[in-house]
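Right, one structure below, let's go through it.
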Ligand code: DC
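In the numbering used here, the protein residues as written are 2 to 231.
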C-alpha cells in the first residue's frame, strides 16, 4: 500500500502531538514534532546568552544558526524520537514554560523557519510521515494527502497544559499558562512569515469535548480512507 503524508496543524496545546503519535504508531509511520525543533533553537538561544531576561539578540541567533545541529533520535524504550541539540538530549529541557514564553518569537524569524522547513521537508521525502506544527499543511507539505487542523478553546488547552506542567513538577500557575497559550496564539497566527492558518483542504477537528480515543478513531478513519484509495 502506498504511503501518504499526514499534516496536523493547530493552535498550541490542542493535543496535536498526542494524536499524531497514535496515528504514526497505528500506521507504522514516522512521527515528527516540528515544534520541538523551534523549541531546540530557543533553548540554544537561552543557553548562549542570546535570550536573557527581556533581551533577545536576533542578529546573533541568525549568525549562529549554522552552529546548530538539531536532530531526532529514536528511543526504543519509549517508542518515539527525542530531540537532540548539538548531540545532547534536550527532550525534557525544551518543554519548560520558560522556553514556551520565547519560542513564538524565535519562530517568527524567517532565517530560522527556512532552515527548519528544509530539514522537515527532507524528513518527509519518503512519505510515511505524520508531522505536527503550525505550517505543515500550508508551507512544509502543501501537497500532503491528508491535513488536519485542530482546535479547542483557550481555556481547555490551558487546563491540559497546566496539568502536564504540574506532572513535570514545574512551579507555574494556571493564569500564567493561560496567558502563555493566548499570547502564543496571537503571535503564531499574526506573524508575517508562514502564520498559523487552516489550509483550504484541511479537515477541522474541534476536540474540546472529544475523548482521546474518540479523537484517534476519527482521525484514523480518515487516514484509512485516504490510504485505501491510493
Ligand atoms: O507545537 P509547540 O507548541 O511545541 O510549538 C512551539 C512553537 O513553535 C509554537 O508556539 C510556534 C512554533 N512552531 C511554528 O512556528 N511552526 C511549526 N511548524 C511548529 C511550531
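Quick reminder that beta carbons are idealized off the backbone N, C-alpha and C, glycines included. It should be emphasised that the depicted structure is a prediction, and the values quoted were computed from it without experimental measurement.
- For the pair residue 189 and residue 105, the CB atoms are nearer than the 8 Å cut-off.
- Uninterrupted alpha helix (DSSP H) stretches at least 4 residues long and entirely within the segment 48-89 occur at 59-65, given in chain order.
- A residue is called buried when at least 16 other Cβ atoms come within 10 angstroms of its Cβ; residue 78 does not meet this threshold and is exposed.
- Close CB contacts of residue 138 within its chain, under the 7 Å cut and outside five residues either way in sequence, are with 8, 10, 145, 148, 200 and 203 (chain order).
- Taken in chain order, the complete beta strand (DSSP E) segments of 3 or more residues contained in the segment 89-177 are 130-134 and 147-152.
- Using a 10 angstroms sphere on the CB of residue 2, the tally of other CB atoms stays under 16, which defines it as exposed.
- Exclusion of the five residues before and after residue 76 leaves 82 and 83 as the residues of its chain whose Cβ lies within less than 8 Å of its Cβ.
- According to DSSP, residue 8 shares a beta bridge with 132 and 148.
- In the structure shown, residue 207 adopts extended strand secondary structure according to DSSP, grouped into three states.
- By the Cβ neighbour-count rule, residue 61 is exposed, with fewer than 16 other Cβ atoms within 10 Å of its own.
- Taking 8 Å as the cut-off, the Cβ atoms of residue 43 and residue 131 do not count as close.
- Here residue 46 has 52 and 62 as same chain residues with Cβ atoms under 6 Å from its own Cβ, once five neighbours each way along the sequence are excluded.
- Apart from sequence neighbours up to five positions away, the residues of its chain that approach residue 183 with a beta-carbon distance below 7 Å are 155, ordered along the chain.
- Contact between the segment 13-33 and the segment 120-130 is established, with three or more Cβ pairs separated by less than 8 Å.
- Per DSSP, reduced to three states, the secondary structure at residue 202 is coil, with no helix or strand assignment.
- Put simply, the backbone Cα of residue 213 is about 12 Å away from that of residue 207.
- For residue 30, no alpha helix (DSSP H) encloses it, and the DSSP letter there is neither H nor E.
- Closer than 7 Å to some heavy atom of the ligand DC: that does not describe the Cβ of residue 8.
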